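Report on the following structure.
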Amino acid sequence: MMEDQEEKGNAENGIGRQKQVKDEYLLQFLDSLDGYLTLLDSLSSTLSQGWLELASARHAMGASRINGALLDLKVHAAATSLKVSEQDVDSMESQPCFTLCKWASSDNGERSSGEEKSLSPQLRHRNNSQLSEEKVSTRTGTPLILVDQQRQKSLSVFGVLVSPKLRSAQLSFERALETLVEIANLHTTMLSMFEQVHKELENTNG
Amino acid sequence: MAGRAQIPTKSSALIAMIADEFGVVLLCWDTVTGFLLAGVGNVDLRRKTNYLIVDSKTTVKAIEDAFKEFTTKEDIAIVLISQYVANMIRFLVDSYNKPIPAILEIPSKDHPYDPAHDSVLSRVKNLFSAESVASGRR
Chain A
679 MMEDQEEKGN
689 AENGIGRQKQ
699 VKDEYLLQFL
709 DSLDGYLTLL
719 DSLSSTLSQG
729 WLELASARHA
739 MGASRINGAL
749 LDLKVHAAAT
759 SLKVSEQDVD
769 SMESQPCFTL
779 CKWASSDNGE
789 RSSGEEKSLS
799 PQLRHRNNSQ
809 LSEEKVSTRT
819 GTPLILVDQQ
829 RQKSLSVFGV
839 LVSPKLRSAQ
849 LSFERALETL
859 VEIANLHTTM
869 LSMFEQVHKE
879 LENTNG
Chain B
73 MAGRAQIPTK
83 SSALIAMIAD
93 EFGVVLLCWD
103 TVTGFLLAGV
113 GNVDLRRKTN
123 YLIVDSKTTV
133 KAIEDAFKEF
143 TTKEDIAIVL
153 ISQYVANMIR
163 FLVDSYNKPI
173 PAILEIPSKD
183 HPYDPAHDSV
193 LSRVKNLFSA
203 ESVASGRR
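Below, the structure written as C-alpha cells:
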C-alpha cells in the first residue's frame, strides 16, 4: 500500500516536472515572439525615418547627385560586417549568435578599429587579440576618428559636400542595422524554442 | 558531441540584401542605398555585389537566382529581403530552413511589414491552429 502510494507520488512529480519544462519552453517562445514583433515595429520606424531623410537629402542636393549611377562598383570590402559565434542552448543543440562590427574593415584587408556591438547578453567572445586591442582603444576614444573617416568615405560616393540630411540618413540606417542584428538573434532563439514546443506538442499528441 | 548540429563560426561575414523599390526611377533604391551608406556594401574581385536592387524590370527568376546565390555563399550571415519581394518567391523562402544565413523579411518604403506574411510567424500560426483543431476533436 505504502509502495503504491510512493509510486503514485513519484509519477505525479514526474508529470509535474514535465509540465513545468513544457511551460518554460512555451514561455520562452512567447517572450521571443513578443520581442521579435516589438523590434520589427521599431525597425519600421527607424527605416521610415531613414527614407524620409534620404528623400530630404535628395531634395536638397538634387536628383543628379543622388542616383543609382553613383553606386560604388569598384572592388571593395564591406566596412560593416558580422561576427558569427556559437551559443549553447543545451547539451544537444547550439544556435548562431550574431554580432555587428560597424566600420571595422578597410579596403586593404587589414581590420581597422571599429565599433563592435554585442547585442546578445549570452554571447561567448572568442579570444582575439586584435579585438581586445580594439576594445581598449575604444575606451580611449581613438577609433571614433577612424569610424568617422569610414563614414565620410561612404558618404563621399555622393560628393564631398553632402547635405546634413544624408548624414542623418546614414546614422538612421546604422541604427536599423543594429536593430536587424538584434532581430536576427531573436529570430534564431524563436526558431529554436518553436522547435522545442513543436516537439513537446507532438509528444503529447503521440 | 554526437547529434549536435555544428554552427559555422565566422569572424567577418556579410549582410546580403534583396530590396524592392517599385515606382518612379528616382526612388527605386532607397533601402539598398541607405544600407550601403551604413557600410554593408561589398564588391568582390569578380565585381559581384552582395545586393540586388529589384525594380519593375527584375524578373522572378533573377530574384530566385539571387536568393539561391546569397543563401549558399559561405561568407554571408544574414540576408535582408523586402517582404514584398519575398512574397514573389514565397515558396523558396518558406522552404529555406538553415540557421545561417538568417533570412530577415523587412518592410519597404511602399509596402509596410505584414506579420501575416512573415515566413516564421505563418509557420507558428499554422502549428497553433492545427493544435487547436486537434484538441477540439479530442
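If you read the protein sequences in the order shown, they are chains A and B.
Just add 678 to the spot in the first sequence (first one is 1) and you have my numbering.
Just add 72 to the spot in the second sequence (first one is 1) and you have my numbering.
From the three backbone atoms N, C-alpha and C, an ideal C-beta is built for every residue, glycine too.
These numbers were taken from a predicted model, which means no experiment stands behind them.
Excluding residues up to 5 positions away in sequence, Tyr703, Gln706, Phe707 and Ser710 lie with their Cβ nearer than 7 Å to the Cβ of A:Met871 in the same chain.
Note on geometry: alpha-carbon atoms of A:Thr857 and B:Asp186 lie some 18 Å from one another. For the region 713-767 of chain A, there is no continuous alpha helix (DSSP H) assignment of 4+ residues that stays within its boundaries. Closest option to B:Phe107, judged by alpha-carbon separation, among A:Glu852, A:Gln683 and A:Ser734: A:Glu852. For B:Leu176, the chain A residues whose C-beta falls within less than 8 Å of its own C-beta are Leu858, Ile861, Ala862 and His865, listed in chain order.
Between the region 167-174 of chain B and the region 146-159 of chain B there are three or more C-beta pairs closer than 8 Å, enough to call the two in contact. With respect to the C-alpha of B:Lys181, the residue from A:Ser726, A:Thr866 and A:Lys831 having the closest C-alpha is A:Ser726. Under the three-state reduction of DSSP, B:Ser167 is assigned to coil, being neither helix nor strand. Listed as beta-bridge partners of B:Leu176 by DSSP are B:Leu152. Contact check for B:Ala158 and A:Leu855: beta-carbon distance about 19 Å, past the 8 Å limit, so the pair fails to qualify. The continuous alpha helix (DSSP H) containing A:Leu833 extends over residues Pro821 to Leu833. In its chain, beyond the 5 residues on either side, Ile744 have a beta carbon closer than 7 Å to the beta carbon of A:Arg736.
With fewer than 16 neighbouring CB atoms inside 10 Å of its own CB, A:Ser834 falls in the exposed class.
Annotation: the continuous alpha helix (DSSP H) that includes B:Val132 extends over Val132 to Thr144.
Across the set A:Gln683, A:Met680 and A:Ser742, the C-alpha of A:Ser742 shows the shortest separation from the C-alpha of A:Gly837. Under the three-state reduction of DSSP, A:Ile861 is assigned to helix.
Counting only residues of its own chain and dropping the five nearest sequence neighbours on each side, A:Pro774 has a CB closer than 8 Å to the CB of Val762, Ser763, Glu764, Gln765 and Thr866. Among the CB atoms of chain B, none fall inside 8 Å of the CB of A:Ala738. Residues are counted here when their Cβ sits less than 8 Å from a Cβ of chain A; for the region 143-163 of chain B these are Ala149, Ile150 and Leu152, given in chain order. A straight line joining the alpha-carbon of A:Leu864 with that of A:Glu873 spans about 14 Å. Residue environment for B:Ala134: exposed (fewer than 16 other C-beta atoms within 10 angstroms of its C-beta). At the C-beta level, A:Leu760 and A:Ile861 stay beyond 8 Å of one another. DSSP places A:Leu778 in the strand class (E or B) of the three-state scheme. Contact between B:Phe139 and B:Leu117 does not hold, since their C-beta atoms are separated by about 23 Å, which reaches or exceeds 8 Å. If you look at B:Val126, you'll find it in the beta strand (DSSP E) that goes Tyr123 to Val126. Taking C-beta atoms under 8 Å as the contact rule, B:Val132 and B:Ile161 qualify, at a distance of about 7 Å. The criterion of a C-beta distance shorter than 8 Å is satisfied by B:Thr105 and A:Leu732. Residue A:Lys843 holds the alpha-carbon nearest to the alpha-carbon of A:Gly728 among A:Leu869, A:Thr758, A:Gly713 and A:Lys843.
The beta-carbon distance between B:Asp166 and B:Ser191, rounded to whole angstroms, is 5 Å. This is short enough to meet the 8 Å contact definition.
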